[in-house]
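Those protein sequence lines, which keep their order, are chains A and B. Quick note on our numbering: the first sequence kicks off at 1 and runs consecutively. Quick note on our numbering: the second sequence kicks off at 1 and runs consecutively.
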Amino acid sequence: MSPKMKTNVLFHLTAWMILLTCLSTLEAAETKTDLATGLAIAKSWNLVATHCMLCHSTKGFTAVRLDRRNWEKIIRTMQEKNGLWQLGDIEPKILDYLEQNYGLSEENYNPKIRRPLLD
Amino acid sequence: MNPRESKSPIPDGYSRRSFVKAMSTALGANIVFANWMPQGLVPVLLAQSPEPFSIPSKPGLTILNDRPLNAETAAHLLNDPITPASRLFVRNNGLPPVTPDPNTWKLTIAGESVVKSKTYTLKDLKTKFKHIDLALTLECGGNGRAEFYPPASGNQWTIGAVGCPVWNGVRLKDVLEDCGIKKDAVYVAYHSADRHLSQDPTKDAISRGVPITKALEKESMIAWGMNGEPLPSHHGFPLRMVCGGWPGSTSGKWVKQIDIRNIVHDGTKMSGGSYQVPMFPVKAGATVPAEAMKIIESMPVKSLITYPKSGAEISTKDSLKINGHAWAGDLSVSSVSLSIDFGQTWIKTALKKPINRLAWQQWSAKIKFPKKGYYEVWARAIDSEGTSQPMLIPGWNPKGYLNNSCHRIAVYVA
């Protein structure tokens, strides 16, 4: 690989990261959702964009509400069956983000759904 | 590869390892990448159009996902007895082939239990075998998933992942028998031309099928047309399987190969809980071991109110004309009833016979409302074996399949 190519790639990556950061700052003032990715703007949202959107859009999972254990199951399935790489120390950050923004909390509860009794 | 021909935003010759290192640096975090990584990995792919997305050939459909493309139809848009292509839901697991050529398209019949493997062109299929046209109900196994609690991952289908177009093609049975079926045949499975979302060429987006008994039914088809037109690209152009009454995923699109297997097919999305439900009722939210799951076969009895649209207004002087469809997987529907008092009393509707086996059936009624106010009309179908739709959501299952609870609409009487 030539140094020119390396510079080229680093330039593109850096430009995107700066753009994403700028977008997040701009959007945060008006709306909590990033228009380009459809993701809730919160800590580590760019990590989710980077690692999850290469293969699929966010529409499929931002409509879902899961607890942390089930979000972790999704990541495992993506790794075992769909070619997602090991996330290392990024994984807890992504799980924090998913749990906080797409978690199964009272405020996220869809009141149209009748809950099972369980007890 | 010639660099000028490369469509990847990563310059050729740029090694994966150094790219990963660059990504890690850019992200300010240590990434422990492993295994396979897609070509073209660059944040350009992160961009998702902020414009509301729609499918030009399918105005009015609700988009649930744009990569992969998944869209459902509102109940009131499904009023036609035969679903037009423009109103049929779209379910994709992967990336459809971009420009399939019907002139060079080939279908191979193979597998452990085929006597003689053969390959057919579209022309071969059209000239060699008897043509059939059948209205077959196709419903996504996950239709109604949005109502389960705790929620299940996947497309949050509400009510409209169902339709019943007329399919044009040949019997799957005729083609399989032309090749010969060995006595040990168990399952018939498809392989398709759609690509896995990761673009890994070694992975199938989906590869499912049906037991040999279902495959040999006279309604199981290899179809090249829908409603007299070539299959639309969203629905498997130029060739697909259609197994009416079973989860839509058994009806493979863009089919290239059909295997007669001597085992239960073990392709992508045949295991791991995909299109499977627990063998026995489980507590909502439970973790169910793989050995306690079974493959979904025939879909359960269900109905839709397709006219009027929910929120209709009517005067006490008038009768409300109301109609819809009902279907019951491999079975037929024996009755459809309506309730305007939250299930306390039921009014029987006029129910038509299906146009052919495995087609949905039309029901209709006229209702007088006793006084002014807000009403809900509930519809409940009963299948030919006496099994009814439940009023409320049926048994919870990990992936949110088979919600056949009653459909309801709001009616204001003034």
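Where is the CB? At the ideal position from N, CA and C, for every residue including glycine.
Are the C-beta of Arg-208/B and some C-beta of chain A separated by less than 8 Å?
-> To locate residue 208/B, count along the second sequence from 1; it is residue 208. Not an interface residue.
Would you report the Cα separation of Asn-227/B and Leu-87/A, rounded to the nearest angstrom?
-> Here residue 227/B refers to the residue found at position 227 of the second sequence. Here residue 87/A refers to the residue found at position 87 of the first sequence. Cα-Cα distance, rounded: 48 Å.
Quick one: any contact between the stretch 273 to 290 of chain B and the stretch 392 to 399 of chain B, if contact means 3 or more CB pairs under 8 Å?
-> The stretch 273 to 290 of chain B makes contact with the stretch 392 to 399 of chain B; the number of CB pairs closer than 8 Å reaches 3 or more.
C-beta contact flag for Arg-408/B and Trp-363/B at 8 Å | Counting from 1 along the second sequence, the entry for residue 408/B is found at position 408. Counting from 1 along the second sequence, the entry for residue 363/B is found at position 363. In terms of Cβ geometry, Arg-408/B and Trp-363/B do not form a close pair [threshold 8 Å].
How many angstroms separate the CA atom of Leu-176/B from the CA atom of Ile-132/B?
-> On the second sequence, position 176 is the one that residue 176/B refers to. On the second sequence, position 132 is the one that residue 132/B refers to. For Leu-176/B and Ile-132/B, the distance between alpha carbons rounds to 16 Å.
Figure out for me which residue from Val-115/B, Ser-117/B, Thr-202/B, Ile-109/B has the closest Cα to the Cα of Ile-172/B.
-> For the purposes of this step, residue 172/B is identified with residue 172 of the second sequence, where counting begins at 1. Here residue 172/B turns out to be Leu, not Ile, going by the sequence shown. Of the candidates Val-115/B, Ser-117/B, Thr-202/B, Ile-109/B, the one whose C-alpha sits nearest the C-alpha of Leu-172/B is Ile-109/B.
Out of curiosity, what's the CA-to-CA distance linking Ala-193/B and Pro-96/B?
-> Position 193 of the second sequence holds residue 193/B. Position 96 of the second sequence holds residue 96/B. Looking at the two C-alpha atoms, the distance is approximately 7 Å.
So, are the CB atoms of Ile-260/B and Val-114/B less than 8 Å apart?
-> Start at 1 with the first residue of the second sequence, and residue 260/B comes out as number 260. Start at 1 with the first residue of the second sequence, and residue 114/B comes out as number 114. Cβ distance < 8 Å, so Ile-260/B and Val-114/B count as in contact.
Between the C-alpha atoms of Tyr-307/B and Trp-167/B, what's the straight-line distance to the nearest angstrom?
-> As a working note, residue 307/B is residue 307 in the second sequence. As a working note, residue 167/B is residue 167 in the second sequence. Approximately 25 Å between the Cα atoms of the pair.
Examine chain A for any beta-carbon lying closer than 8 Å to the beta-carbon of Asn-155/B, and answer yes or no.
-> One-based indexing of the second sequence puts residue 155/B at position 155. It does; some Cβ of chain A falls within 8 Å.
Under three-state DSSP, which class holds Leu-125/B?
-> Numbered from 1 along the second sequence, position 125 holds the residue referred to as residue 125/B. Helix, per DSSP.
Taking the Cβ atom as the reference point for each residue, do Thr-42/A and Asn-101/A lie within a distance shorter than 8 Å?
-> The residue labelled residue 42/A in the question sits at position 42 within the first sequence. The residue labelled residue 101/A in the question sits at position 101 within the first sequence. Residue identity differs from the one stated: residue 42/A is Ala in this sequence, not Thr. Contact flag set, yes.
Could you say which of Ser-44/A, Thr-37/A, Gln-79/A lies nearest to Phe-61/A if we only look at CA atoms?
-> For the purposes of this step, residue 61/A is taken as the residue at position 61 of the first sequence. It is Thr-37/A.
In the DSSP assignment, what are the bridge partners of Gln-362/B?
-> In the second sequence, the residue the question calls residue 362/B occupies position 362. In the DSSP output, where bridge partners are listed per residue, Gln-362/B has His-325/B.
Confirm, please, whether the CB-CB distance from Gly-245/B to Asp-330/B is below 8 Å.
-> The residue you call residue 330/B lines up with position 330 of the second sequence. The residue you call residue 245/B lines up with position 245 of the second sequence. A contact, by the Cβ cut-off of 8 Å.
Under 7 Å from any heavy atom of the ligand SAH, does the C-beta of Ile-314/B make it?
-> The ligand SAH is absent from the structure shown, which contains no ligands of any kind.
Would the stretch 265 to 273 of chain B and the stretch 120 to 136 of chain B be scored as touching if the rule is three or more Cβ pairs under 8 Å?
-> no
Could you tell me whether the Cβ of Pro-151/B comes closer than 8 Å to any Cβ of chain A?
-> Counting from one through the second sequence, the residue named residue 151/B turns up at place 151. At least one chain A Cβ lies under 8 Å of Pro-151/B.
What are the start and end residues of the alpha helix (DSSP H) that includes His-51/A?
-> The residue you call residue 51/A lines up with position 51 of the first sequence. 45 to 52 is the span of the alpha helix (DSSP H), which, as asked, contains His-51/A.
Going along chain A, which residues have a C-beta under 9 Å from Lys-283/B?
-> For the purposes of this step, residue 283/B is identified with residue 283 of the second sequence, where counting begins at 1. Here the neighbours are Pro-116, Leu-118.
Residue range of the beta strand (DSSP E) that includes Trp-167/B = Counting from 1 along the second sequence, the entry for residue 167/B is found at position 167. Trp-167/B -> beta strand (DSSP E) spans 166 to 171.
Would you mind working out which of Phe-53/B, Leu-358/B, Cys-179/B, Ala-381/B sits nearest Trp-346/B, comparing C-alpha positions?
-> Walking along the second sequence from the start, residue 346/B turns up at place 346. Selected option, being the one with the closest Cα: Ala-381/B.
If you count every other CB in all the chains shown that lies within 10 Å of the CB of Tyr-412/B, and 16 or more means buried, which is it?
-> In the second sequence, counting from the first residue as 1, residue 412/B sits at position 412. By the 10 Å Cβ count, Tyr-412/B comes out exposed.
Residue range of the beta strand (DSSP E) that includes Arg-380/B | In the second sequence, residue 380/B corresponds to position 380, counting from 1. Where Arg-380/B is concerned, the enclosing beta strand (DSSP E) stretches over 373 to 383.
Taking buried to mean at least 16 other C-beta atoms within 10 Å of its own C-beta, is Thr-58/A buried or exposed?
-> Within the first sequence, numbered from 1, the residue matching residue 58/A stands at position 58. By the neighbour-count rule (16 or more Cβ atoms within 10 Å), Thr-58/A is buried.
Hey, could you find the ends of the alpha helix (DSSP H) Asn-70/B is sitting in?
-> Translated into positions along the second sequence, residue 70/B becomes position 70. Where Asn-70/B is concerned, there is no enclosing alpha helix (DSSP H), although the beta strand (DSSP E) it sits in stretches over 69 to 72.
Buried versus exposed, by CB contacts within 10 Å (16 or more), Phe-148/B = The residue given as residue 148/B occupies position 148 in the second sequence. Burial call: buried.
Under the three-state DSSP convention, the category Tyr-109/A falls into | The residue given as residue 109/A occupies position 109 in the first sequence. In the structure shown, Tyr-109/A sits in coil (DSSP, three-state: anything other than H, G, I, E or B).
Would you say Arg-68/A reaches chain B, if we count a Cβ-Cβ gap shorter than 8 Å as a contact?
-> Here residue 68/A refers to the residue found at position 68 when the first sequence is read from its first residue. No, Arg-68/A lies away from the interface with chain B (no Cβ there is under 8 Å from its Cβ).
Over the uninterrupted beta strand (DSSP E) stretch that includes Arg-240/B, give me the two end residues.
-> Here the question's residue 240/B lines up with position 240 in the second sequence. Where Arg-240/B is concerned, the enclosing beta strand (DSSP E) stretches over 240 to 242.
Interface residues of chain B facing Ser-57/A [CB-CB closer than 8 Å] | As a position in the first sequence, residue 57/A is number 57, starting the count at 1. Neighbours of Ser-57/A on chain B, chain order: Gln-48, Asn-65, Asp-66, Arg-67.
Look at the alpha carbon of Pro-211/B and the alpha carbon of Val-186/B, and state the distance between them as a whole number of angstroms.
-> Here residue 211/B refers to the residue found at position 211 of the second sequence. Here residue 186/B refers to the residue found at position 186 of the second sequence. Taking the straight line joining both Cα atoms gives about 6 Å.
Give a yes or no on whether the minimum CB-CB distance between Ile-113/A and chain B is below 8 Å.
-> The residue given as residue 113/A occupies position 113 in the first sequence. At least one chain B Cβ lies under 8 Å of Ile-113/A.
Residues that Tyr-120/B bridges to, as DSSP identifies them | Within the second sequence, numbered from 1, the residue matching residue 120/B stands at position 120. Tyr-120/B pairs with Leu-107/B.
Own chain residues within Cβ distance below 6 Å of Trp-254/B, not counting five before or after = Translated into positions along the second sequence, residue 254/B becomes position 254. For Trp-254/B, where only same-chain residues beyond five positions count, the Cβ hits under 6 Å are Pro-97, Ser-192, Ala-193, Asp-194, Gly-236.
Any C-beta of chain A under 8 Å from that of Asp-194/B | What you label residue 194/B is simply residue 194 of the second sequence in a count that begins at 1. Chain A contact via Cβ: absent.
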